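Chains as they are written, first to last, in the working numbering: chain F, 4 to 324; chain G, 3 to 325.
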C-alpha cells in the first residue's frame, strides 16, 4: 500500500508563562492508504498536539521547531493558509473528542454539513441538500430529513458524533484524524461509531489516525499502533506484534495497566511515577527512564532514536525487552 | 443476615413539559436492590438508563417518589432530606462523585475538603481530633501528608480521586456509593484507585455501590452486578457469571460491545439504535422491545418481570439466553 501521510522529526514547543514546554520531540510515523493507525498514550503524551500540528490548528503559543508532515508530496507544515484551507475538510478531515462542543450550537446539523460541502464542492442548493442527506444516511442516522433540521442540543451524544463523522466524511477525504472520537460515549454507541469508521476505511481506502487512550479499542480497530510517552514516540508496530510482544518497557507497563486484559484485580499493575515535567531544562534523553526499572548508564547517552526490531516493528529503547 | 441496604419498588419520575403537554420521565422505575454488608455491587448501563439517579436516590441526595429504602432494616426513604442530613445515618452512606475536578471546591485545600464532613457530621471536640481523623483518612487512601495543604489545581487526577474517596471515608460510612469514580483517570492512575477501593472494602468492611459504564472495571472490582435499562434492572448476578454468560439479551449485547485485548470479535453481535424514550413509556411492552434480537410478539404486550432464573441470578426477560 502507498504511503498517505509521513510525519518525521516533528518537534513542537509551547511558550507559557511558566517556561517552554517541549511538547513533542522528533515524532515520526507513517500512515498507508486504507490503514487505521492507533496513537496511544497517557494524557499529556502529545497525541492531540501531533494531530493539531498536522492540520495546522495549533494555537499561537506553539512553535514548530522542526519536522515535516508529507501528504501527497506536499509538506503540510509549510503550506500557506489558503492552501491548507483547501485541503482541510476536503482531503484531510478531523473528528473531535467532544462532539457537542465541536458543533455550532445555533445552526442545524444539516446546515453545518452543507457548509462544508458548499466550501469544497460548490453546487446548486438542491444538489447540496441531496448530498447532505446522503451524508447523514451514510452514518446511519435514522430519518435524516427530520434530523437534518435538528440543533445539536436536540440530539444525543452518539447522534452528535455521527454528525461529526458525517461532516468529516462528506467530501470523501483520504485522511481522517479522529481524536478520541468515542470517549464519553456508551460502549454500544462506541461500537457503532468505530464500525462506521472502519467500514469507511475499508471501502474507500481512507487512511485513519485514531488517537485513543483505550488500548482495547486500539486492539479491536487498528492495523498498526504507535505508542507515545511525554512527547516521544516510543514504539510503533503492527497490532498483533505490539500486543503480543511489546519491546519498549513503557508499552509493556501500559498493557499491564489495562483492565480489559486482567482476569483479576491483582493482575492490574499501575505505572509508577509520572511522566517528567516537559518544562524541565534537564529532561533525560529517554523521557521514560526515570520511571523505568531497566534503566542503565547507556540510557543517558544522547542520540536515542527508533530502531527496527522486527518486521515493521520499531522501538526507541537502549535496553528493549 | 440483614442486608445493609434494601431498596424496594423505588420510583423516581421527573415532570417535563413538551409542547405544553405535561409528561413524566420515569428515570427509576420500580427498582429492587439489595446490598449486603461488605459487598461490592456494580451498577451498569448506558447513559440515560437511570443509574446515576438511582445512586443519588440511595445516597439520599434526592427525594424518591415512592418505594422503601431500608438501612440495616430501618426505613430511611420516608425521612425528609433535611432531617436525614442532620441524622446520624448521614454518616453511614457517603458518595464519591464522577469528576474529581468538578466535585472538589477549588478554594478548599485537600485537608479542608477532607475535614469538612468531619466538622459537619462528627463535630470534633478539638483541632487535634479533627487532624487525627483527617490524617488517618489520608493515610488510608495513600495521600501523602505534604499533599494535604495543596489546592485541587495543584493535584494530579489520581490525587484528586483519592481526596474524593478520603472525604467520603473519613466519617466511617457503611456504604460508599461511587458514580464513575475512575472515568476521568488515565489507565495507570485508574489501576491504583481500583486497588485502593478493593483494599478499603476488605479492610473496613464498607459496602460499595459502584456505578459505571466501564464493564471491565466492574468485572474486576465487584462481587455482584446489576444491569439497568430504561429505568429498570434487567439482570443481576455474580459479576463473573454475568460477564461470562449473560442471560438478558441486552446484557449480552452490552458485553459484546466492549473491546477486549486479544479477542478477535469481528462477527460479534451488534446493537444498533438507541434506547426508547423514558418519557411516558408504554406500560405493556418490554423496555428493550424494538432493539432486541430475540423479541417475539408477546414482548410488545406483556412486560416481563424480574425473576429468578438460576441460583443468585435474575433476569427481566420472557426468553432469556440459555446457557
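Think of the CB as a built atom: it goes at the ideal place given N, C-alpha and C, for glycine as much as any other residue. If you're wondering where the values come from, they're calculated on a predicted model, not measured in any experiment.
Measuring straight from C-alpha to C-alpha, what distance separates residue 175 (chain F) and residue 96 (chain F)?
Spanning the two alpha carbons is a distance of roughly 9 Å.
What number of angstroms, rounded off, separates the C-alpha of residue 262 (chain F) from the C-alpha of residue 25 (chain F)?
Straight-line spacing of the CA atoms in residue 262 (chain F) and residue 25 (chain F) works out to 31 Å.
Which value, in whole angstroms, describes the spacing of the CA atoms of residue 94 (chain F) and residue 120 (chain F)?
Answer to the nearest angstrom: the Cα atoms are 12 Å apart.
Against chain F, which members of the stretch 31-44 of chain G pass a CB distance test of less than 9 Å?
So the list is empty, because no residue satisfies the distance condition.
How would you list, in chain order, the residues of chain F whose beta-carbon sits under 8 Å from the beta-carbon of residue 255 (chain G)?
Chain-order list of chain F residues neighbouring residue 255 (chain G): 191, by C-beta distance under 8 Å.
Could you check whether the stretch 144-162 of chain F touches the stretch 234-250 of chain G, counting it as contact only if at least three pairs of C-beta atoms, one from each stretch, sit closer than 8 Å?
Not touching, per the Cβ criterion.
Quick one: residues in its chain with C-beta nearer than 8 Å to the C-beta of residue 174 (chain G), no 5 flanking neighbours on either side, listed in chain order?
Residues of the same chain with a CB within less than 8 Å of the CB of residue 174 (chain G), apart from the 5 flanking positions on each side, are 93, 206 in chain order.
Using the beta-carbon of each residue, which ones in chain F are nearer than 8 Å to residue 263 (chain G)?
At a beta-carbon threshold of 8 Å, the residues of chain F lying near residue 263 (chain G) are 218, 219, 222, 246, 258, 261, 263, 264, ordered along the chain.
Please return the same chain residues whose Cβ sits closer than 6 Å to the Cβ of residue 258 (chain G), not counting the five positions on each side in sequence.
Annotation for residue 258 (chain G): 270, 271 place their beta carbon closer than 6 Å to its own, counting only its chain and skipping 5 residues before and after.
Please report the residue range of the beta strand (DSSP E) in which residue 316 (chain G) lies.
Looking at the DSSP string, the run of the beta strand (DSSP E) that includes residue 316 (chain G) is 315-317.
Step through the CB atoms of chain G and report whether any lies within less than 8 Å of the CB of residue 274 (chain F).
Chain G contact via Cβ: present.
Going along the stretch 210-233 of chain G in order, which residues come within less than 9 Å of chain F, judged by CB to CB distance?
For the stretch 210-233 of chain G, the set of residues with a beta-carbon nearer than 9 Å to any beta-carbon of chain F comprises 215, 216, 217, 218, 219, 221, 222, 223, in chain order.
Mind checking which residues open and close the beta strand (DSSP E) that includes residue 97 (chain F)?
The continuous beta strand (DSSP E) containing residue 97 (chain F) extends over residues 95-98.
Does the Cβ-Cβ distance between residue 204 (chain F) and residue 37 (chain F) come in under 8 Å?
Yes, the pair counts as a contact, with Cβ atoms nearer than the cut-off.
Looking only at C-alpha atoms, which of F:225, F:250, F:224 sits nearest to residue 236 (chain F)?
Cα-wise, what sits closest to residue 236 (chain F) is F:250.
Determine whether the beta carbon atoms of residue 219 (chain G) and residue 241 (chain G) lie at a separation below 8 Å.
No. Outside cutoff.
Find the residues of chain G that neighbour residue 161 (chain F), judging by a C-beta separation of less than 8 Å, and give them in chain order.
Those are 276, listed as they occur along chain G.
Please decide whether residue 162 (chain G) counts as near chain F, where near means a Cβ-Cβ distance under 8 Å.
False, the Cβ-Cβ gap to chain F never drops below 8 Å.
Contact check, residue 164 (chain G) vs residue 189 (chain G) under 8 Å by CB: the rounded distance?
The Cβ separation is near 17 Å, so there is no contact.
Name the DSSP bridge partner or partners of residue 78 (chain F)?
Beta-bridge pairing links residue 78 (chain F) to F:73.
Between the C-alpha atoms of residue 44 (chain G) and residue 286 (chain G), what's the straight-line distance to the nearest angstrom?
In this model, residue 44 (chain G) and residue 286 (chain G) are separated by some 28 Å (Cα to Cα).
Exposed or buried, what is residue 204 (chain G) when buried is set at 16 or more other beta-carbons lying within 10 Å of its beta-carbon?
Residue environment: residue 204 (chain G) is assigned as exposed (fewer than 16 neighbouring CB atoms within 10 Å of its CB, all protein chains considered).
Distance between residue 121 (chain G) and residue 171 (chain G) (C-alpha atoms, nearest Å):
When rounded, the distance between both Cα atoms is 14 Å.
Residue from F:89, F:163, F:231, F:212 whose Cα sits closest to the Cα of residue 113 (chain F)
Comparing Cα-Cα distances from residue 113 (chain F) to each of F:89, F:163, F:231, F:212, the minimum goes to F:163.
Report yes or no: is there a C-beta of chain F within less than 8 Å of the C-beta of residue 260 (chain G)?
Residue contact with chain F for residue 260 (chain G): present (Cβ-Cβ distance below 8 Å to some residue of chain F).
For the beta strand (DSSP E) containing residue 238 (chain F), name the first residue and the last one.
Taken as a continuous stretch (DSSP letters only), the beta strand (DSSP E) holding residue 238 (chain F) covers 235-241.
Determine the contact status of residue 249 (chain G) and residue 167 (chain G), defining contact as a CB-CB distance below 8 Å.
No; because the gap between Cβ atoms is not below 8 Å, this pair is not in contact.
N- and C-terminal bounds of the alpha helix (DSSP H) containing residue 207 (chain F)
Annotation for residue 207 (chain F): the continuous alpha helix (DSSP H) segment containing it runs 190-207.
Should residue 256 (chain F) go down as buried or exposed, given a rule of 16 or more other Cβ atoms within 10 Å for buried?
Looking at its Cβ environment, which holds 16 or more other Cβ atoms inside 10 Å, residue 256 (chain F) is buried.
When DSSP builds the beta bridges, which residues end up paired with residue 234 (chain G)?
For residue 234 (chain G), which the question treats as bridged, DSSP gives the partners G:231.
Check residue 100 (chain G) in the structure and name its three-state DSSP category.
If DSSP states are grouped into helix, strand and coil, residue 100 (chain G) belongs with coil.
In its own chain, which residues sit with a C-beta less than 7 Å from the C-beta of residue 39 (chain F), not counting the 5 before and 5 after it?
Closer than 7 Å at the Cβ level, and outside the excluded window around residue 39 (chain F), lie 201, 204, 211, 213, 224, 225, 226.
Mark residue 3 (chain G) as exposed unless 16 or more other C-beta atoms lie within 10 angstroms of its C-beta, in which case mark it buried.
Exposed.
Under 8 Å between C-beta atoms, does residue 197 (chain G) make it to chain F?
Residue 197 (chain G) counts as touching chain F.
Check whether chain F comes within 8 Å of residue 193 (chain G), counting only Cβ atoms and requiring the distance to be less than that.
Taking a beta-carbon distance threshold of 8 Å, residue 193 (chain G) counts as an interface residue toward chain F.
Within 8 Å (strictly less), CB to CB, does residue 272 (chain G) reach chain F?
At a cut-off of 8 Å between beta carbons, residue 272 (chain G) contacts chain F.
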